[in-house]
Structures are given as C-alpha cells and as structure tokens.
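Undergrad:
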Amino acid sequence: MTDSAVCVLAHNPNVMTLDGTNTWLLHVPGSRECIVIDPGPDEKGHFEAILAAAELRDATVGAVLLTHRHSDHSAGAKSLAERTNSYVRAADPQFRLGAEGLETGDVIVVDQTELRVVATPGHSSDSVSFLMSHDNTMLTGDTVLGRGTAVISAPDGNVGAYLDSLLRMREAVAQSEVGLLLPGHGPALDAPDDIINGYYEHRIARLEEVRLATSSGLRTSEEVLDVVYAGTPEKLRAAALQSVKAQLLHLQINGQFTTDEDLTSPPTEALDIEY
2 MTDSAVCVLA
12 HNPNVMTLDG
22 TNTWLLHVPG
32 SRECIVIDPG
42 PDEKGHFEAI
52 LAAAELRDAT
62 VGAVLLTHRH
72 SDHSAGAKSL
82 AERTNSYVRA
92 ADPQFRLGAE
102 GLETGDVIVV
112 DQTELRVVAT
122 PGHSSDSVSF
132 LMSHDNTMLT
142 GDTVLGRGTA
152 VISAPDGNVG
162 AYLDSLLRMR
172 EAVAQSEVGL
182 LLPGHGPALD
192 APDDIINGYY
202 EHRIARLEEV
212 RLATSSGLRT
222 SEEVLDVVYA
232 GTPEKLRAAA
242 LQSVKAQLLH
252 LQINGQFTTD
262 EDLTSPPTEA
272 LDIEY
C-alpha cells in the first residue's frame with residue numbers, strides 16, 4: 002500500500018467484516034524486523050501469508066500489535082507471536098503476551114519502524130490507532146473503516162467516547178500531516194481530514210435523528226429502528242439495532258431520554274452500511 006505498509010487480507014469476509022480483516026505488515030525498507038498489526042483469525046493459512054509477505058521483504062516478525070480486542074482482529078495474535086518468538090502489545094491486558102500495554106503517546110520502535118499510539122475508544126473501550134511517520138499514515142482499526150461505518154455496541158462501545166476519538170484523530174492527522182488512512186477493513190483512504198470530518202458529521206446527524214424520534218414519543222429501540230433506519234436490509238437489522246441502543250444510551254446518560262429497556266448489546270464488528 003505504501004513503501005512501508007503491506008496489507009495481507011484475511012479470508013474471513015462476511016457482512017460484518019466487509020472483504021475480511023486487513024492484517025498490516027509494517028516494515029521500513031532495509032529493516033531486519035517488521036511489525037504485524039491485527040493478525041486476524043487463528044488460521045494457519047493466514048499466518049503463512051503473513052510470513053511470506055515478511056520474507057519477501059527479507060524481514061522477520063518482531064512485534065504483534067492489536068488495534069482492539071474483537072476476535073476478527075485478535076484471535077491469531079498469541080499463536081503468531083509464539084510462532085515468531087515475538088510478543089503482543091494491546092490496550093486490553095488479557096491480550097498481551099510478554100509485553101507492555103498501549104496508551105496514548107507510547108512510541109513503539111521495532112528496528113527502523115516507529116509507531117506512535119493514539120487511544121481511540123468508542124467502537125470498543127480498548128480501541129487504539131497508530132501513527133507511522135515514515136509514510137505519514139494512520140492505522141485506524143475499526144474506528145474508521147475503508148467503506149461504510151462501524152457499529153458501536155454498548156456497553157463496551159460508547160458513542161460519546163467515539164465522538165471524542167474522532168476529534169482526537171483529526172488533531173493527530175493534522176499535526177502529523179497524515180495523507181493516508183489504513184483501516185481494519187476495506188480499502189485505504191486518502192483525504193483523511195475529509196473522511197474523519199464526514200464520520201463525525203454523520204454521527205452527529207444520526208444522533209439528532211434518534212433524538213428527534215424519541216421526542217416524537219418513540220420509547221423503544223425497535224420503534225426508533227423502524228423510523229430512523231427504515232429500509233435497512235433484514236440481514237443487517239440486528240447490527241443496526243445495536244447502534245440504535247448505543248445512541249439511546251448516550252441520550253439517556255445525557256438526560257435527553259428515559260427508558261426501562263436494557264440498552265446493552267453483545268459486541269459486534271464492522272457494519273457495511275451508513276448507520
């Protein structure tokens with residue numbers, strides 16, 4: 002994708018993961034070691050593809066990093082790290098292997114490849130993004146996708162935190178002069194400012210639609226779904242409902258809505274619709 006970033010696409014496409022998980026192999030030319038971001042499923046064939054990509058660049062895997070805990074990104078982390086005698090760094094302690102965590106401002110250096118961590122919770126509470134100054138790129142996990150937008154599923158996902166993260170990403174993009182976003186699913190994106198601003202504006206607009214729906218007297222997530230997300234394909238309805246619940250919970254926390262309904266949902270992954 003760039004001089005220092007190779008995408009190895011996992012063979013796990015579905016309605017939630019788009020074309021599959023993007024495993025990113027980061028390697029400044031000439032380095033002896035590389036960094037693997039989101040090794041994806043615990044699947045031998047995918048590991049072989051990752052290692053082949055590293056071998057083509059005359060490099061070995063020096064570190065495995067996770068953008069967040071969801072299984073389509075993290076399931077293979079431990080196995081790949083053990084196979085390559087490396088380590089796993091993650092914001093969630095449960096996914097670390099022989100290494101530290103990930104917090105905003107952390108700088109990770111593997112041979113000549115350097116990344117800076119930006120905490121971007123919202124899609125999940127442990128979501129992070131990575132800035133790679135060598136190619137002026139940002140790896141966004143599921144916070145910004147190459148196509149569509151991402152589901153926020155409460156309580157681990159949080160609409161308010163997500164909005165704050167988009168603003169934090171926008172600031173980091175401007176300060177680091179980022180020219181390309183490398184997402185966890187879908188194609189790479191240029192014009193990062195426009196993309197992030199579009200995400201933020203879309204989220205604010207959708208949240209206002211949900212607020213207006215509740216102001217009209219709607220009181221359940223199913224009622225709001227039928228109005229605000231009318232026309233959503235049946236196969237995407239359950240995922241869209243999670244987004245509605247997260248938005249209603251945000252309004253409730255901010256004193257703009259009340260309900261006795263349980264607004265929490267099991268976690269999910271990317272959703273290829275504008276929700």
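In the numbering used here, the protein residues as written are 2 to 276.
The C-beta atom is built at its ideal place from N, Cα and C for all residues, glycine as well.
In this structure, does DSSP put Pro-193 in helix, strand or coil?
TA: As a working note, residue 193 is residue 192 in the sequence shown. If DSSP states are grouped into helix, strand and coil, Pro-193 belongs with the helices.
Undergrad: Between which residues of its own chain and Arg-90 is the CB-CB distance below 8 Å, once the five residues before and five after are set aside?
TA: Here the question's residue 90 lines up with position 89 in the sequence shown. Ala-64, Val-65, Leu-66, Leu-67, Arg-97, Ala-100, Glu-101, Gly-102, Leu-103 and Ile-109.
Undergrad: Candidates Ser-166, Gly-185, Gly-158 and Val-174: which alpha carbon is nearest Val-7's?
TA: Numbered from its first residue, the sequence shown carries residue 7 at position 6. When only C-alpha atoms are compared, the closest one is Gly-185.
Undergrad: So which of Gly-158, His-74 and Pro-156 has the shortest CA-CA distance to Thr-22?
TA: As a working note, residue 22 is residue 21 in the sequence shown. Looking at the Cα atoms, His-74 is the closest of the given residues.
Undergrad: Could you give the distance in angstroms between the alpha-carbon of Gly-256 and the alpha-carbon of Ser-126?
TA: For this step, residue 256 is matched to residue 255 along the sequence shown. For this step, residue 126 is matched to residue 125 along the sequence shown. So the alpha carbons of these two residues sit roughly 22 Å apart.
Undergrad: Apply the 10 Å Cβ neighbour rule to Asn-159 and answer buried if 16 or more other Cβ atoms are within range, or exposed otherwise.
TA: Here the question's residue 159 lines up with position 158 in the sequence shown. The residue is buried, with at least 16 neighbouring Cβ atoms inside 10 Å.
Undergrad: Between Thr-24 and Ile-51, how many whole angstroms is the CB-CB distance? I'm expecting something under 8 Å.
TA: Start at 1 with the first residue of the sequence shown, and residue 24 comes out as number 23. Start at 1 with the first residue of the sequence shown, and residue 51 comes out as number 50. Yes, Thr-24 and Ile-51 are in contact; Cβ-Cβ is about 6 Å, under 8 Å.
Undergrad: Return the first residue and the last residue of the alpha helix (DSSP H) that Val-108 is part of.
TA: Residue numbering aside, residue 108 sits at position 107 when the sequence shown is read from its first letter. Where Val-108 is concerned, there is no enclosing alpha helix (DSSP H), although the beta strand (DSSP E) it sits in stretches over 108-111.
Undergrad: With Gln-113 and Val-29 assumed to form a contact (beta carbons below 8 Å), what rounded beta-carbon distance in angstroms separates them?
TA: Residue 113 sits at position 112 when you count from the first residue of the sequence shown. Residue 29 sits at position 28 when you count from the first residue of the sequence shown. 4 Å between Cβ atoms; contact.
Undergrad: Can you tell me which of Val-129, Ala-189, Asp-165 and Val-111 puts its alpha carbon nearest to the alpha carbon of Asn-137?
TA: The count along the sequence shown starts at 1 and reaches residue 137 at position 136. The residue with the shortest Cα to Cα distance from Asn-137 is Ala-189.
Undergrad: Please work out which residues of its chain come closer than 7 Å, Cβ to Cβ, to Ser-32, disregarding the five sequence neighbours upstream and downstream, and give them in chain order.
TA: In the sequence shown, the residue the question calls residue 32 occupies position 31. Same-chain partners within the cutoff: Ala-60, Asp-112, Gln-113 and Thr-114.
Undergrad: Suppose you measure from the CA of Tyr-88 to the CA of Arg-70; what does that come to, to the nearest Å?
TA: The residue labelled residue 88 in the question sits at position 87 within the sequence shown. The residue labelled residue 70 in the question sits at position 69 within the sequence shown. Near 16 Å, if we compare the C-alpha coordinates of Arg-70 and Tyr-88.
Undergrad: Entirely within the stretch 124-210 and at least 3 residues each: give me those beta strand (DSSP E) ranges in chain order.
TA: Counting whole runs of 3 or more residues, the stretch 124-210 contains the beta strand (DSSP E) stretches 129-133, 138-142 and 181-184.
Undergrad: Work out the CA separation of Arg-58 and Ala-271 for me, nearest whole Å.
TA: Counted from its first residue, the sequence shown places residue 271 at position 270. Counted from its first residue, the sequence shown places residue 58 at position 57. A caution first: Ala-271 carries a pLDDT of 41, below 50, which makes its placement in the model unreliable, though a value can still be read off. Spanning the two alpha carbons is a distance of roughly 30 Å.
Undergrad: Taking all protein chains shown into account, do 16 or more other C-beta atoms lie within 10 angstroms of the C-beta of Thr-259, making it buried, or fewer, making it exposed?
TA: Taking the first residue of the sequence shown as position 1, residue 259 is located at position 258. So Thr-259 counts as exposed.
Undergrad: Quick one: grab the DSSP three-state call for Leu-103.
TA: Sequence index remark: in the sequence shown, residue 103 carries index 102 (1-based). The answer is coil: DSSP assigns Leu-103 none of H, G, I, E or B.
Undergrad: If we ignore side chains and look at the alpha-carbon of each, how far apart do Met-2 and Glu-262 end up?
TA: Within the sequence shown, residue 2 is the residue found at index 1, counting from 1. Within the sequence shown, residue 262 is the residue found at index 261, counting from 1. Cα-Cα distance, rounded: 45 Å.
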